[in-house]
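Structure first, then comments.
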Amino acid sequence: MKELNLQQTMDMLMEVCRAVIQSKQLLTEVDSNIGDGDHGIGMAGGMEKAKAALAEGAPFADINTLFKTTGMAMINTMGGASGIIFGSMFLGGLKGLEPITVLDGNTFTRMMRGALSAIKARGKAEMGDKTMVDALEPAVLAMEKLPDADWVTLMRAAADAAKTGVENTKMFVAKFGKAQYLGERAIGFQDAGATSVFIIFNAMYEFVRLH
Amino acid sequence: MKELNLQQTMDMLMEVCRAVIQSKQLLTEVDSNIGDGDHGIGMAGGMEKAKAALAEGAPFADINTLFKTTGMAMINTMGGASGIIFGSMFLGGLKGLEPITVLDGNTFTRMMRGALSAIKARGKAEMGDKTMVDALEPAVLAMEKLPDADWVTLMRAAADAAKTGVENTKMFVAKFGKAQYLGERAIGFQDAGATSVFIIFNAMYEFVRLH
Amino acid sequence: MKKIINDGQNVVAEMLSGYLSAYSRYYERVGNSNAFTYKNRRKHKVSIVIGGGSGHEPLFIGFVGKGLADAAACGNIFASPNPELIMKTAQAVDEGCGVLFLYGCYAGDNMNFDMAEELCALEDIQTAHVRIWDDCASAPKERKETRRGIAGDVYVIKVAAAAADAGYPLDEVVRIAEKARDNINTIGLATSPGSIPGLDKPTFELGADEIEFGMGLHGEPGIERTKMQPAAQLVNRMYDELKKEMLLQAGQQIAVLVNGLGSTTLLELNIVYHELAKHLTADGLDVHDVEINQFCTCQEMGGFSITILKLDEELKRFYDTACYSPYYAREALA
Amino acid sequence: MKKIINDGQNVVAEMLSGYLSAYSRYYERVGNSNAFTYKNRRKHKVSIVIGGGSGHEPLFIGFVGKGLADAAACGNIFASPNPELIMKTAQAVDEGCGVLFLYGCYAGDNMNFDMAEELCALEDIQTAHVRIWDDCASAPKERKETRRGIAGDVYVIKVAAAAADAGYPLDEVVRIAEKARDNINTIGLATSPGSIPGLDKPTFELGADEIEFGMGLHGEPGIERTKMQPAAQLVNRMYDELKKEMLLQAGQQIAVLVNGLGSTTLLELNIVYHELAKHLTADGLDVHDVEINQFCTCQEMGGFSITILKLDEELKRFYDTACYSPYYAREALA
Ligand SMILES: Nc1ncnc2c1ncn2[C@@H]1O[C@H](COP(=O)(O)OP(=O)(O)O)[C@@H](O)[C@H]1O
Ligand SMILES: Nc1ncnc2c1ncn2[C@@H]1O[C@H](COP(=O)(O)OP(=O)(O)O)[C@@H](O)[C@H]1O
Ligand SMILES: [Mg+2]
Ligand SMILES: [Mg+2]
Ligand SMILES: [Mg+2]
Ligand SMILES: [Mg+2]
């Protein structure tokens, strides 16, 4: 499969929502270890709202609006660091993008590169700062190495890279978010936001694999 | 022994203070079961202060002042229901009593009868209301049945009667103090104040037995 | 129990030392006792003296001030102040117009304040008292003089102090305080115990999933122990009790206090009022004023109480005046 | 965790519903969002908008009112409000004189308020912000812009709002707010965790006999975990940190806030000040004013913080004005 149509893209985003909502408990625990424990509530709440907004907004005219709806729902219900950061993951790639009704891998890769830039501009985090950037940036790099790949190949690579990124966060001291105050004591624990990035790409992979 | 001199009376009161202070934990537990748990703190605190006041006030001109010092120290440091009730146990028998420097059993019995009257007038409790009256009144009655007895006989009778009184409180519903709200649920538990009365008479008994 | 204290014996004296030096602008200690007066109190008026056991802060220390009581006598934790302390406190604020003692109806307080009044008589201080018995879970209506005084204290103090400030004579202030008292009821529930500073066991036990309706401020038992329920159901049950007890009817003007018992957060207390407001609106009650706060606590006890004061024009007049203390401040209501 | 709530998702909306209907005299909701404004705010002045994660009540809801902020935008529990909500809140109180955002320095708040300012710019609302970073246990002095904002928020809000009420232009209000911010430090300690409504595990764990100095308002780790100690020693340690950090010297005029984190009682907090006052006196500090209260909490977390504000004549002028909200009321200081 090389292209997703509007309905498929919508279904994939719905799948992402469901996967994150199902991971509420896991994300809570991960954030409790070195943060304030609200990442699961926040992400699940944001995704609930995104799901509802997608269901309510359908039918959509283009894929851009799908992503915008998801991102805005997250920013405006979650608040917090992750609302704006993860909202930007869906919004940040839309700038300058003409309205599209089919989504190919190259476009998606460009969107994620745009999202990464937006997130780094907003949050100032770089690789190694123990944030979701540590999962998103490797995923984007992995996708960029696979131009014109089919969706399954692309998403497997993205999810794998994100997973490695999550593992890597265990080695880092945090520079942002509530774990920063832990200093060395954060070492050994994975970052909550990075975990969410993996869950998102993995849900996309599972979706394209089964369709 | 038929009479206590001033020093012996003072020593006996000191012994009473020590015994109550040592029972702090027990009284806390008894009051926790059906009250608010502060009877041990209250009685021990009052007796600490009484002990200090006795030590500081010595030498005393008469036995009346000894009792007055003890009672006033209790009322004025303890506060609460038991401050005034137990203060009255030492103060209430002094009304109309000429200054004395020796204390015989008959005088002491009369003093305790006066104390009982004062307490009942102040607190309105009668036998069977699950208060310290249930221990004090039988002790007074027992002493009144032993005119001209020696101190050991007298105090053994008082302590025994108080002990039975404490046991009896287990059968009662409380009409005063914080246990009253328990209704039937107070049955099976002994009253804290009654327990203190027994401890006091028992300490006196131990004192006269050993001197 | 991790309590931020030095020594279980000295907590009240040290608390007052902190409070009175922090707020020395307003308060003055009576000698070196556990009692204090409000410095800027109006003169030539009936004096209001409040007091009771400590451990319920901000009650009583936070209800002395402008438009509030003139002085407070503080007992040990959960134990009434002693007669001499109460008398000395009255003496410190007596203006020759009489002293009104306001306190919660508990055996210990009743006896100590009674004896204090006897001591005051010897000093030629005219006195009166109003015992507050708002807790309708603590005894049936027919024996209301044996009920406990809990958060309703706040309203009685507020109204009586305003009447005293307005220059009413002692018997009138008593009448108004009694009227307020007789128009107030409170019901509480506890979710977890408090602990007495210096003791290492809590004052009572509740299962991990249990609550108790009507539990007293020292852990005295209430009217029903149930499983934990959502806020809406808890409030339903409590409002039903108050409505029955007070015969609340459409059009009745009321003031409402949602009071936290210690560790229950303002977030939760405001949710309680969110639920309560639905009932009050549905029943057509005329809600004149609402407070959501921690006024009458039992150390870190979990839970809350709801107090309703039925207002008439006279009570409202005194309710509406401004008052100020560090823990209870209100502007005059329009 | 027994929390008096209905549903973990709706706590903030329901809390605000309760608060705003109880205190409808003073407040008005912005649309049906989780933000509200003070009705009787002065017009033609710089508007002060505060906000942040909920769960720290009375902060932020209790610092909107007379002489305080004009509006608050409330996020979910421990999560910054979102940019649109913040923008709408600013819009609701903008008088054309500019809006100053005051908030604690946390990644989430920083990003959401930044984006809100971008949205405001699109709406032609002039904005500025002052991030509050008073918690000196959260990072060394050299990186103070990464420190957390905790109880010191209260002083910055008070002083900035008074300057705005005095008619100062935006850049001046910013200057004064920053001056206040730069003269405030706080250090806290935790004895027990709070819990997020709807979750059944507490936000962190502490041994039965352990405390942690410098722990953050969401359970972020502090500078040292030790055994529980008497109040005097706890205060010693904390005062030492503040003294070093702030270079406190004899004659310096200060305001002091002893703040409870949730379940620590007023009894204990007043004992803390009893101990603290000894140090302040010994060091010859000129204590202008003291507050002992629960202003900035973390649900039912146990523990307290100490905040010191160094005053100069300008700050004092704004500190001293009267203010009123249901949870923070003060008369003008002489
Ligand atoms: N400046 C930042 N840049 C990128 N990601 C960030 C930044 N700050 C925080 N995050 C991400 O947000 C996650 C925390 O999200 P969450 O727990 O929902 O918010 P909060 O920290 O406000 O409680 C972190 O694990 C991290 O991955
Ligand atoms: N009206 C009364 N008359 C006699 N004794 C009383 C009365 N009220 C209380 N008591 C006694 O006081 C005891 C309680 O003392 P304490 O726990 O110190 O006071 P409080 O009830 O104020 O906590 C009761 O066990 C009872 O024996
Ligand atoms: Mg978090
Ligand atoms: Mg007791
Ligand atoms: Mg008691
Ligand atoms: Mg958070």
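Line by line, the protein sequences give chains A, B, C and D.
Under the numbering used here, the first sequence has 175 at position 175, and the numbering climbs by one with no breaks.
Under the numbering used here, the second sequence has 1184 at position 184, and the numbering climbs by one with no breaks.
Under the numbering used here, the third sequence has 2263 at position 263, and the numbering climbs by one with no breaks.
Under the numbering used here, the fourth sequence has 3006 at position 6, and the numbering climbs by one with no breaks.
Positions of the beta carbon are idealized from the N, C-alpha and C atoms, including for glycine.
{"Query": "Roughly how many angstroms lie between the CA atoms of Y3327 of chain D and L66 of chain A, to the nearest whole one?", "Result": "44 Å"}
{"Query": "Which chain A residues are close to H3218 of chain D, counting only those with a beta carbon under 9 Å from its beta carbon?", "Result": "G35, D36, G37, D38, K178"}
{"Query": "Is it the case that the CB of F125 of chain A approaches a heavy atom of ligand 1 more closely than 7 Å?", "Result": "Residue identity check: residue 125 of chain A is Ala in the sequence provided, not Phe. The answer is yes for A125 of chain A."}
{"Query": "Which word fits P1178 of chain B, buried or exposed, when buried means at least 16 other C-beta atoms lie within 10 angstroms of its C-beta?", "Result": "In the sequence on display, residue 1178 of chain B carries Lys and not Pro. Buried, because 16 or more other Cβ atoms sit within 10 Å of the Cβ of K1178 of chain B."}
{"Query": "Measure from the C-beta of Q3009 of chain D to each C-beta in chain A and report whether the shortest distance is under 8 Å.", "Result": "yes"}
{"Query": "Does the beta carbon of H3279 of chain D fall short of 7 Å from some heavy atom of ligand 7?", "Result": "Here the bound small molecules are ligand 1, ligand 2, ligand 3, ligand 4, ligand 5 and ligand 6; ligand 7 is not part of this structure."}
{"Query": "List the whole-angstrom C-beta distance separating F1176 of chain B from G1123 of chain B, where the pair is believed to meet the contact cut-off of C-beta under 8 Å.", "Result": "6 Å"}
{"Query": "What whole-angstrom Cβ distance do K2158 of chain C and L2068 of chain C have, given they're in contact under 8 Å?", "Result": "7 Å"}
{"Query": "Have a look at D:C3097, D:G3075, D:E3212, D:S3024 and flag the residue whose alpha-carbon is nearest the alpha-carbon of H3044 of chain D.", "Result": "D:C3097"}
{"Query": "Can you tell me whether I1021 of chain B is helix, strand or coil according to DSSP?", "Result": "helix"}
{"Query": "Just to confirm, is the Cβ distance from G3194 of chain D to E3057 of chain D under 8 Å?", "Result": "no"}
{"Query": "Compare the beta carbon distance of N2990 of chain D and L3016 of chain D with 8 Å and say whether it is the shorter of the two.", "Result": "Only positions 3001 to 3334 of chain D appear in the structure, and residue 2990 of chain D is not among them; the question remains open."}
{"Query": "Take every Cβ of the region 2262–2276 of chain C, pair it with every Cβ of the region 2234–2252 of chain C, and state whether three or more of those distances are shorter than 8 Å.", "Result": "yes"}
{"Query": "Among the residues of its own chain, which have a CB less than 8 Å from the CB of M3111 of chain D, if the five just before and after it don't count?", "Result": "S3080"}
{"Query": "Is it right to say E3117 of chain D is buried, meaning 16 or more other beta carbons lie within 10 angstroms of its own, or is it exposed?", "Result": "buried"}
{"Query": "For T3186 of chain D, which beta-bridge partners are listed by DSSP?", "Result": "D:D3135, D:T3307"}
{"Query": "Scan the region 2176–2191 of chain C for residues whose Cβ lies nearer than 7 Å to a Cβ of chain B and list them as they occur along the chain.", "Result": "none"}
{"Query": "Can you list the residues of chain D that M78 of chain A reaches, using a CB-CB cut of under 8 Å?", "Result": "N3076, A3079, N3082"}
{"Query": "For A203 of chain A, which residues from the same chain have a beta carbon less than 6 Å from its beta carbon, with the 5 sequence-adjacent residues on both sides left out?", "Result": "E15, V16, A19"}
{"Query": "How many angstroms separate the CA atom of V3049 of chain D from the CA atom of C3323 of chain D?", "Result": "16 Å"}
{"Query": "Is the distance from the Cβ of G37 of chain A to the Cβ of M78 of chain A below 8 Å?", "Result": "no"}
{"Query": "Output yes or no for whether 8 Å exceeds the beta carbon distance between V1208 of chain B and M1001 of chain B.", "Result": "yes"}
{"Query": "With respect to the beta strand (DSSP E) encompassing T2226 of chain C, which residues constitute its N-terminal and C-terminal limits?", "Result": "2224–2227"}
{"Query": "Can you pull the DSSP bridge partners for Y3027 of chain D?", "Result": "D:Y3038"}
{"Query": "CB of M1192 of chain B to nearest heavy atom of ligand 5: below 7 Å?", "Result": "Position check: residue 1192 of chain B holds Ala in this sequence, whereas Met was assumed. No."}
{"Query": "Give a yes or no on contact between the region 1182–1198 of chain B and the region 182–198 of chain A, applying the rule of three or more CB pairs nearer than 8 Å.", "Result": "no"}
{"Query": "Counting only runs of 4+ residues fully inside the region 2222–2275 of chain C, write out the alpha helix (DSSP H) ranges in chain order.", "Result": "2231–2246"}
{"Query": "Rounded to whole angstroms, what is the Cα-Cα separation between K2243 of chain C and M3246 of chain D?", "Result": "55 Å"}
{"Query": "State the DSSP-derived secondary structure class of F2318 of chain C, mapped to helix, strand or coil.", "Result": "helix"}
{"Query": "For a cutoff of 8 Å on Cβ pairs, would you count I3004 of chain D as touching chain C?", "Result": "yes"}
{"Query": "In angstroms, rounded to a whole number, what distance separates the CA positions of F2060 of chain C and G2051 of chain C?", "Result": "6 Å"}
{"Query": "If I measure Cβ to Cβ from R3147 of chain D and keep anything under 8 Å in the same chain, skipping five residues before and after, which residues do I get?", "Result": "C3105, W3133, D3134, D3135, C3136, S3138, A3139"}
{"Query": "Against chain C, which members of the region 1122–1134 of chain B pass a CB distance test of less than 7 Å?", "Result": "R1122, G1123"}
{"Query": "Which residue comes first and which comes last in the alpha helix (DSSP H) that contains H2044 of chain C?", "Result": "Here H2044 of chain C belongs to no alpha helix (DSSP H), and DSSP marks it neither H nor E."}
{"Query": "When the Cα of Y2019 of chain C is compared with those of D:C3296, D:T3297, D:E3291, D:A3329, which residue comes out closest?", "Result": "D:E3291"}
{"Query": "So with Cβ pairs under 8 Å, would you call P2169 of chain C a contact of chain B?", "Result": "no"}
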